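Heads up, the thing below is written out as structure tokens.
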Amino acid sequence: MSVKAQYVDVLIISKSAGKPVDKLPDGFEFLAEHNILTYKSLNESMNQWAIAEVLGHYVSYRKIVSPSPDKLLPESKFQVYAVCTHYPQKLLGSEQEFGKDIKKIKAGVYKIEPKYVGSIIILVLSQMSLRESNALWQLFSGNAVGFEYGDAHYKWHSPEDKSLLNQLYQLYLKSGVDMPYTFEDFHRDYTMPFIESLPTEVRLKGIPPEEVFKRFSPDERLKGLAPSDVFKQFSVDEVFKQFTPSEIEAYLLKLKKDTH
């Protein structure tokens, strides 16, 4: 029997060291010691099959991290999350018709309590409240208002991470999301400030030196270089070709006088 690798979207594991997050985004108040997340983006559906799949990952992961198959870690140490952009109508149905196993906790946060496994937290990003702690959710909310709010309030850990905005913007445009500004506006307001925030060595990586030099005039390229460093790049013949015979003779005559 062959074993095929299985991949879970996200694992969040509790740490005993480090600074705790001050304000968790909505839904993460249910985080346990081990958290298994599945994510469905703008054009993907969070359906029963997706839930079955993440529960399969939960079962496998619980076996792996437990002392033995006969001594599993308690269910309370695990939490399954299903994160999606749009409300999963086929999975949850109408809010007015929720059964005992489905509960709305707050805007964008739902809990399913199946009979034979622990609870599943459903996060609907397009329904999340506009508050600073939800800035990350707003970036992935699938709408222009959320995108702008998330960009204005999310605290990026490094400038490189902000390149995600460009990918999201392109995805929203391709998906027909009505963005409030053109790509040129986005390029001016987001892409260029991001590029300018990067270290020089990162910005120049992959660009051939000759392409960089084309951006500068000869005077700019020579600025700061010693004459000896410049002339080392050329043969004697190439150097003398830049002067007229009379200029060369005048220089030799001056040189002769200076040496006597």
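Numbering-wise, the sequence shown is residues 130 to 389 according to my numbering. Just so you know, even glycine gets a beta-carbon here, dropped at the ideal spot from N, CA and C. Please read all numbers here as calculations on a predicted model, not as lab measurements.
Could you give the distance in angstroms between the alpha-carbon of residue i and the alpha-carbon of residue j?
| i | j | result |
| --- | --- | --- |
| Glu340 | Ser143 | 48 Å |
| Tyr232 | Lys334 | A small correction: the amino acid at residue 232 is Lys; Tyr does not occupy that position in the sequence shown. Whole-angstrom Cα-Cα distance: 51 Å. |
| Arg260 | Leu254 | 12 Å |
| Pro338 | Leu294 | 29 Å |
| Leu252 | Glu173 | 14 Å |
| Ser262 | Ser197 | 38 Å |
| Tyr168 | Lys303 | 20 Å |
| Met130 | Gly147 | Reliability fails at Met130, whose pLDDT of 34 lies under 50, so the model's placement of it is uncertain and no value is given. |
| Arg332 | Glu226 | 54 Å |
| Phe360 | Lys343 | 20 Å |
| Arg350 | Phe363 | 16 Å |
| Gln99 | Ser145 | As shown, the chain starts at 130 and ends at 389. That puts residue 99 outside it, with no answer to give. |
| Ala161 | Gly353 | 59 Å |
| Ser287 | Ser326 | 10 Å |
| Gly156 | Asp199 | 32 Å |
| Val139 | Gly222 | 26 Å |
| Ile249 | Leu166 | 10 Å |
| Ala149 | Tyr187 | Note that residue 149 corresponds to Pro in the displayed sequence, not to Ala. So the two alpha carbons sit approximately 25 Å from each other. |
| Lys229 | Phe159 | 19 Å |
| Gln472 | Lys152 | Outside the displayed span of the chain (130 to 389) sits residue 472, for which this structure offers no information. |
What first and last residue would you give for the alpha helix (DSSP H) that runs through residue i?
| i | result |
| --- | --- |
| Val331 | Thr329 to Leu333 |
| Pro374 | Pro374 to Thr388 |
| Gly450 | A question about residue 450 goes unanswered here, because the residues of the chain that appear run from 130 up to 389. |
When we look at the beta-carbon of residue i and count the other beta-carbons within 10 Å, is it buried (16 or more) or exposed?
| i | result |
| --- | --- |
| Trp266 | buried |
| Val238 | buried |
| Ala281 | exposed |
| Pro79 | A query on residue 79 cannot be resolved here, the shown segment of the chain reaching from 130 to 389 and no further. |
| Val274 | exposed |
| Phe372 | exposed |
| Arg191 | buried |
| Gln208 | buried |
| Val212 | buried |
| Ile324 | exposed |
| Ile241 | buried |
| Ile193 | exposed |
| Ile329 | A small fix is needed here, since residue 329 is Thr in this sequence, not Ile. When all chains shown are included, Thr329 counts as exposed. |
| Pro217 | buried |
| Gly305 | exposed |
| Leu384 | exposed |
| Leu268 | buried |
| Leu381 | exposed |
| Ile336 | exposed |
Over the uninterrupted beta strand (DSSP E) stretch that includes residue i, give me the two end residues.
| i | result |
| --- | --- |
| Leu140 | Val139 to Ile142 |
| Leu166 | His163 to Lys169 |
Give me, in chain order, the residues of the same chain whose beta-carbon lies closer than 7 Å to that of residue i; leave out the 5 immediate sequence neighbours on both sides.
| i | result |
| --- | --- |
| Ile377 | Phe369 |
| Gln177 | Leu220 |
| Leu184 | Val209 and Val246 |
| Ala236 | Gln256, Met257 and Ser258 |
| Val206 | Per the sequence presented here, residue 206 reads as Lys, with Val not at that position. The answer, listed in chain order, is Ala161, Glu162 and His163. |
Among the residues of its own chain, which have a CB less than 8 Å from the CB of residue i, if the five just before and after it don't count?
| i | result |
| --- | --- |
| Lys109 | For the chain, the structure presents residues 130 to 389; residue 109 sits outside this window and is missing. |
| Asp366 | none |
| Asp307 | Ala273 |
| Tyr301 | Leu171, Gly271, Ala273, Phe276 and Met308 |
| Val137 | Ile165, Leu166, Thr167, Val183, His186 and Tyr190 |
Among residues of its own chain, excluding the 5 on either side of residue i, which ones have a beta-carbon nearer than 6 Å to its beta-carbon?
| i | result |
| --- | --- |
| His215 | Ser255 |
| Glu182 | none |
Chain E beta carbons: is any one of them nearer than 9 Å to that of residue i?
| i | result |
| --- | --- |
| Leu382 | The displayed structure is made up of one protein chain only, and chain E is not part of it. |
In chain order, what are the residue ranges of uninterrupted beta strand (DSSP E) at least 3 long that sit wholly in the segment 200 to 266? 207 to 213, 231 to 235, 238 to 241 and 249 to 253
Which residue spans inside the segment 328 to 369 form an unbroken alpha helix (DSSP H) run of at least 4? 329 to 333, 338 to 342, 347 to 351, 356 to 360 and 365 to 369
Enumerate, from N- to C-terminal direction, the unbroken alpha helix (DSSP H) stretches of 4 or more residues contained entirely within the segment 265 to 299. 273 to 282
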